Every structure is written in C-alpha cells, then in structure tokens.
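Accompanying notes for the structure given below.
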Ligand SMILES: [Zn+2]
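Numbering (this note's numbering), first residue to last: 1483 to 1852.
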C-alpha cells in the first residue's frame, strides 16, 4: 500500500509540475488526488450537499509532513491525562469577567465582517477583512507590552493573524491556542458572487475578538502564552491552519491545547452545543465538558463532523491536542452556510455569548498554572 501510494504520488508530482495550478487534495487518511480549482469547488459543494462540512486537506505544501493523528489512538503521554482531570481554580476570576461579555460587540464584529463582499482567500476583500481583524486585535491590546499582533503570510493573498498574550514565569514557553477561520466562501465566489459568511465564520472570529478584548482589558497576565489565531483559507482545504500548525511543530513550539471556534451563533432546534468527538483529543474534550458544566452551564452532546472538517484537524494532524465546540447537533446546523444567504439576521448573539464564556474559561484555566 505504501509503495503504491508513493508511486502514485510520484506520478502526481510530474502532473503538478506540468500543470502548476493543480492542488493535492486528501479526502481521507492517505487518499489523495490532484485537482484543479474547479474540481476542488465541486468537491466542496458535493460534501456540503451531503450535509458534511469541510472534508478535505489541501496537502500540496505539506506532502512530506507525517500525519500524527494516530497518536490520538495510542495515548500520548502528557496532555490528555493531565488535562482531563486538571483541577478548576479560576471561578472567581471568571465570575468577574463574564458580565463584561457584550452581545452588541459580537453583533458589530459579525456585521462588519459579513459586510465585506467576501473574505475569499484569494480576493482583495479577503485581504482587507483579515487586515480589519488585525486592527481590532491591535486596538483591544491597548498598548500592553506583553501583547503582540502579527500577520502570518502564506503562499496566497490572504494572511492569517496571530494575537499573542505572552505568558510569564516557568511555563511561559507553553502555548494555549484559540482559533477560528477568517475566510468565507460561497459557490462561485471566485467569480464575484457574495460570500457574507456571517455564521461561517464571522461568528467564530467575533468570539475570539470579544474574548481577547475582555482578557486584555482585565489586566490578566497568564502563566502560559495565549495565541489567538484567525486562520486564512480554511475553506480551501485548511491551508492557513496547516501552514501554522506545521510551522509550530517544526520549530518545536510546545502547544498544550487548541480550541477551534467555527460557527457559534446559529441555534439549532435542540438547545445544545455539539462537541466534536472525532479527530480531537479525548482528554482535552473531557476537560472541555467540565468547563461547560461548571462555568458555561449550557447543555452539550457529542457529535461527529468527519475528516478534516475544520482547522482543529490541522493541529491534530501535527500531533497536538485539539477540541472543537460547535453551534448545534450536526444535522441541525445553519443550512445557509456557503451561500449568499449566510447573513446576520439568522443569528442569535445571546446564544453566541456562551462560546465567549467557554473561550474565557479555556484560556484562564489552561493559561494559569495552579
Ligand atoms: Zn467554517
């Protein structure tokens, strides 16, 4: 099998060099094919119509990186056991910051982001919208010298944005990552069609911005380093998050835990959050359930979202512990995503504020060394 795959990949490499626009797409572990942009869009549409989201990695730029997701199944020492039963110590701080959550702020971030014609990873408004996100992080940093906001460049137009609150003390080299994707798509977006992406994923970016604003203004200084990341090009095959996760891995950055916010403001019929249980770290997922039960006090149920369904999968693939809390049961998610109809009027900011509570609890509990 391995020989067959490498032979096939060698053929693919030749193909790619003669047709540089082809991309290597992986739709299941080890199942890869070279596709044109049109074919990738067709694949994305087909997966979406089947009621699944994401569903593939564009591995063109990471062909030689080993897939470390299997570590999930063999029990990596460290994070999963330590984190699952980690004591919760931040109740007092969280009680103080929860009242700071503003549904008006969530609304205005989603409104601004969804007013861009699109946030496509190749378009000028894709670039401009990421710049806007970067400006918001900078504004909320209020000149704190322990906060940096960095633009992360890729091989395509749109950049990712990393806002970092530096840890201090002996655990400062350990990173906690809160992320969500900045880009949006819609069938035909490359041809000028609108892609407001209010729920998918202006909502997740609004969650990050509001969490960051509150932490920054609270004056809290974490023991671990907290990275807020707005990833470019998720819809194109998790390209931004793969670049970043592989880069962290190559540089030996010690990432303790990753949480992904992708679609956080549409309420399904059943009033529960969906907790993705496949391609995530089981121990970190148990820890997340304790945060929900203890602090957020909102019901949850486990769901499955399939292969490569959002940026958390890039971290799992790079061997790091990740989780993905989602807006609803999988069969009840916002039916308007990936179309011109993914607009703000269908969203519920009070519901969305539960994800800000979860993000605050995740950052403060894991960012503090008790
Ligand atoms: Zn999304």
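Beta carbons are placed, not taken as given, at the ideal position from N, Cα and C, and that holds for glycine. Just so we're clear, the structure is a prediction, and the values are computed from it rather than from any experiment.
- Per DSSP, the continuous alpha helix (DSSP H) segment holding residue 1765 begins and ends at 1764–1773.
- Shortest gap from the CB of residue 1767 to any heavy atom of ligand 1: 6 Å or more.
- Taking the CA atoms as reference points, residue 1802 sits about 12 Å from residue 1726.
- Inclusion of residue 1661 and residue 1586 in the CB contact set at 7 Å is not warranted, their separation being larger than that value.
- Under DSSP, residue 1516 forms a beta bridge with 1506.
- Between residue 1569 and residue 1852, the beta carbon gap of about 6 Å places them in contact (Cβ cut-off 8 Å).
- Annotated three-state conformation of residue 1749 is coil, per DSSP.
- Positions of the alpha helix (DSSP H) runs, each at least 4 residues long and wholly inside the region 1571–1649, are given as 1573–1579, 1585–1597, 1606–1623 in order along the chain.
- In this structure, the beta-carbon distance from residue 1647 to residue 1565 does not fall below 7 Å.
- DSSP places residue 1737 within a strand segment (E or B) once states are collapsed to three.
- In the DSSP annotation of this structure, the continuous segment of the alpha helix (DSSP H) that includes residue 1725 starts and ends at 1721–1732.
- With fewer than 16 other CB atoms across the displayed protein chains lying within 10 angstroms of its CB, residue 1784 is exposed.
- Taking all protein chains in view, the Cβ of residue 1839 is crowded by 16 or more other Cβ atoms within 10 Å, so the residue is classified as buried.
- Under a 10 Å Cβ-count criterion, residue 1581 is classified as exposed, with fewer than 16 other Cβ atoms of the shown protein chains found around its own Cβ.
- Annotation: residue 1662 is outside any alpha helix (DSSP H); the continuous beta strand (DSSP E) that includes it extends over 1656–1663.
- Counting every other CB atom within 10 Å of its CB across the protein chains shown gives residue 1695 a total of 16 or more, marking it as buried.
- Counting only beta-carbon distances shorter than 5 Å to the non-hydrogen atoms of ligand 1, the qualifying residues in chain order are 1682, 1683, 1744.
- Rounded to the nearest whole angstrom, the CA to CA distance from residue 1850 to residue 1507 is 39 Å.
- The continuous beta strand (DSSP E) containing residue 1707 extends over residues 1707–1713.
- Comparing alpha carbon positions, the residue from 1798, 1819, 1830 closest to residue 1549 is 1798.
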